[in-house]
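In what follows, a structure is listed as C-alpha cells, so that the remarks can point back to it.
Protein chains: 2
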Amino acid sequence: MESSNAASGGSTRREATRQKLYEAAVTLIAEQGFSATTVDEIAERAGVAKGTVYYNFASKSVLFEELLRHGVGLLTASLREAAERTARDGGTKVDALDAMVRAGLVFIDRYPSFTQLYVAELWRTNRTWQSTLMVVRQQAVAVVEGVLREGVENGEFSEEIDVALTASALVGMVLVAALDWKSFQPERSLDDVHSALSRLLQGRVSGRR
Amino acid sequence: MESSNAASGGSTRREATRQKLYEAAVTLIAEQGFSATTVDEIAERAGVAKGTVYYNFASKSVLFEELLRHGVGLLTASLREAAERTARDGGTKVDALDAMVRAGLVFIDRYPSFTQLYVAELWRTNRTWQSTLMVVRQQAVAVVEGVLREGVENGEFSEEIDVALTASALVGMVLVAALDWKSFQPERSLDDVHSALSRLLQGRVSGRR
DNA sequence: TTATTTGAACTGACTGGTCAGTGCAAAAAC
DNA sequence: GTTTTTGCACTGACCAGTCAGTTCAAATAA
C-alpha cells in the first residue's frame, strides 16, 4: 500500500484512471449534487467498470473528498503563484490582489464545474467531508489574507480594515461574478470580466470618468 | 374548492402546516442538500405525518420550489424597501447601496439556512426547479442593477461600469462575507460586519488611515 | 345546549423501485 | 507474475409517493 512507484510525479495507469473518474464525477456532481449522482453514472461517463471505482476509491464519499482536495490544491497553488510573481516584479499589494483576481477568474474559467460544486458544499454542515473542506478553504483564503496583512504592514492599506472579512468579501466578489459570467454571459471574454472587477477593486466606481 | 375562508390573509390551519413544513425543510436541506433530505425527515421535524406533506404539496420538488419562491420574495422586498427608503430620505446612490448591503446582512442573519441552500442550488443546471430559480434570482439582482443604473444616469457612478457584472460582484461580496461570518465568527455583531463591508464598498481600503 | 353531519386535514403502513457497496472469476495491461 | 480492470449478479437498506381509514372543527339540526 501507498506504493508511490515512479518518483516522476503521477503517471501510472492507476493515476490515469483516477483522473478520468475525477473528471466524470466533477461535472455530474456539479449538475446534480452529490447524493443525486450515482456511482454507476460516474463509472459510465468515465468509461470504466463500476468495480474499478471501488478498486481505486474506498467509497463514493472518499472519491468526492479526494476530488475536493485535488481541486482546491490547484486553486491555492495558482493564487500563491500570482501573488509571488507580482511581488518578484516589484508590484504593489493592490497589484497582487489584482493578479489574484485574474488567477481566480482563470481557474473558474477552466474548471467551472469544480467551482460550482465547491460553492454548493462549502457552507453545509453535518456532512462527512466537512472537515476536509474546512482545511482546504482555509489554505486558499489564507493566501488572500496574507497579501492583505502585508499591505497593512507596509502602509498600503488602512490599519482599520478587517483582514478576514475583507478577504471573504473579495473572494465572494470574484466567485459570484465569475459564476454569473459563466452561467449567463459565457460569451464574454475573461479580460472583459477582469477589467470590470479591477475597477471595482480599485474603487474607480464613484465619480465621473 | 378554493374555499378561502377568512379574508384576513392566511391563518388557516393549512397555512400553519405549510409554514411548519417550510421551516423544517429549510434547515434540513441547508444542512444536507435536497437529495439527501428525506420526506420522512421533513415530516418528522415538522411534527406532522408524511401523508400531510403530500396533502399540502404535490411532491418533494414542489415543496422545495415554493420554499425558494417564498424566501427570495422576502429578500427582494427587503432590498427594494431599503433602496426606496434611502431615496425618500434624499440619500445618494452609494447610500442606497449601503442600505441594501445592510438589508442583505439582516436577511442572512435572520435566515442563514435559506441563504445557504439558495447558494448551493443557484448555479446548478439540469434540475427541475432551475427556471423558478432563474426568475427569482433576476428579481433580486434587478433591484441592485436598478440602483447602479440610476447612479450612472445621474453621474454619481462612472459611465464605464458594467452594471450587470458589478451587481453580481456586490451581491457576491455580501453573500460570501455574510456566510463566512455566520459559519466562522457568529459572535460578531451585524454592525461590525456592516462597517467592514461599507469601507470596502466606498473604496476606503487603500491609503493610510 | 347538545347531538349529528360534513368535508377538509391528517395519518402511517405499505409498495415498487433505486442504489451503494460486495464478490469473484477471468481478461488485460504492464 | 503482479497489478489493474472488467462484467455482472446479488444484497440489503432506504425512500418517494399512495391510499384507505381516522380525526378535527365548524355548521346545522334538534
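Sequence order for the protein chains is A and B. full-length UniProt numbering puts the first residue of the first sequence at 1, with every later residue one more than the last. full-length UniProt numbering puts the first residue of the second sequence at 1, with every later residue one more than the last. Built from N, CA and C at the ideal position, the CB exists for glycine as well.
- Here the C-alpha atom of B/ASP40 lies approximately 13 Å from the C-alpha atom of B/PHE34.
- Judged by beta-carbon spacing, A/LEU197 lies within the 8 Å limit of A/VAL174, meaning their Cβ atoms are closer than that value.
- The alpha-carbon of A/LEU165 is positioned some 25 Å away from that of B/ILE161.
- Inter-residue distance for A/VAL176 and A/GLN185 is about 13 Å (C-alpha atoms, whole angstroms).
- The Cβ atoms of B/ALA167 and A/LEU200 do not sit closer than 8 Å to each other.
- For B/ASP98, no Cβ of chain A is located within less than 8 Å of the residue's own Cβ.
- Residues of the same chain with a CB within less than 6 Å of the CB of A/ARG102, apart from the 5 flanking positions on each side, are HIS194 in chain order.
- Close partners of A/THR125 in chain B (Cβ separation under 7 Å): GLU31.
- Non-local C-beta neighbours of B/LEU21 in its own chain, meaning closer than 6 Å and more than five positions away in sequence, comprise ALA46, ordered along the chain.
- Here B/LEU74 is exposed: its Cβ has fewer than 16 other Cβ atoms, across all protein chains shown, within 10 Å.
- For the segment 169-180 of chain A, residues whose beta-carbon sits nearer than 8 Å to a beta-carbon of chain B comprise ALA169, LEU170, VAL171, GLY172, MET173, VAL174, LEU175, VAL176, ALA177, LEU179 and ASP180.
- Taken in chain order, the unbroken stretches of alpha helix (DSSP H) that lie wholly in the segment 40-116 of chain A and span 4 residues or more are 50-56, 60-88 and 93-110.
- Look at B/PHE34 here: in three-state DSSP terms it is coil, with no helix or strand label.
- Between the segment 44-63 of chain A and the segment 138-145 of chain A, the count of Cβ pairs shorter than 8 Å is below three; the stretches do not touch.
- Within the same chain, and ignoring the five residues on either side of A/GLU156 in sequence, the residues whose Cβ sits closer than 8 Å to its Cβ are THR92, LYS93 and VAL94.
- A straight line joining the alpha-carbon of A/LEU190 with that of B/TYR111 spans about 34 Å.
- A direct Cα-Cα distance of roughly 19 Å separates B/ALA82 from B/HIS70.
- For B/TRP181, the uninterrupted alpha helix (DSSP H) segment begins and ends at 163-184.
- For A/ARG149, the enclosing alpha helix (DSSP H) begins and ends at 130-153.
- Chain A has a Cβ within less than 8 Å of the Cβ of B/ALA196.
- Within chain A, the C-beta atoms nearer than 9 Å to that of B/PHE34 come from GLY33, SER35 and ALA36, in chain order.
- Using a Cβ distance threshold of 8 Å, A/VAL152 and A/GLU159 count as a contacting pair.
- Taking CB atoms only, B/THR128 has no neighbour in chain A less than 8 Å away.
- Annotation: the continuous alpha helix (DSSP H) that includes B/ARG199 extends over 190-201.
- Contacts between B/VAL119 and chain A, judged by CB atoms closer than 8 Å, involve VAL119, ALA120 and TRP123 in chain order.
- Residue burial annotation: B/ALA49 is exposed, with fewer than 16 other C-beta atoms found within 10 angstroms of its C-beta.
- Distance check between A/THR27 and each of A/PHE114, A/TRP181 and A/ARG188 places A/PHE114 closest, using alpha-carbon atoms only.
- With 16 or more other Cβ atoms from the protein chains shown falling within 10 Å of its own Cβ, B/THR86 counts as buried.
- Proximity of B/SER61 to chain A, defined by a Cβ-Cβ separation below 8 Å, is not satisfied.
- Taken atom to atom, the span from the alpha-carbon of A/THR17 to that of A/GLN116 is near 23 Å.
- A Cβ-Cβ contact shorter than 8 Å links A/LEU68 with A/TRP129.
- Between B/ILE29 and the set B/SER61, B/MET134 and B/VAL135, the nearest pair of CA atoms involves B/SER61.
- Any Cβ of chain B closer than 8 Å to the Cβ of A/THR76 would place that residue at the interface, and such an atom is absent.
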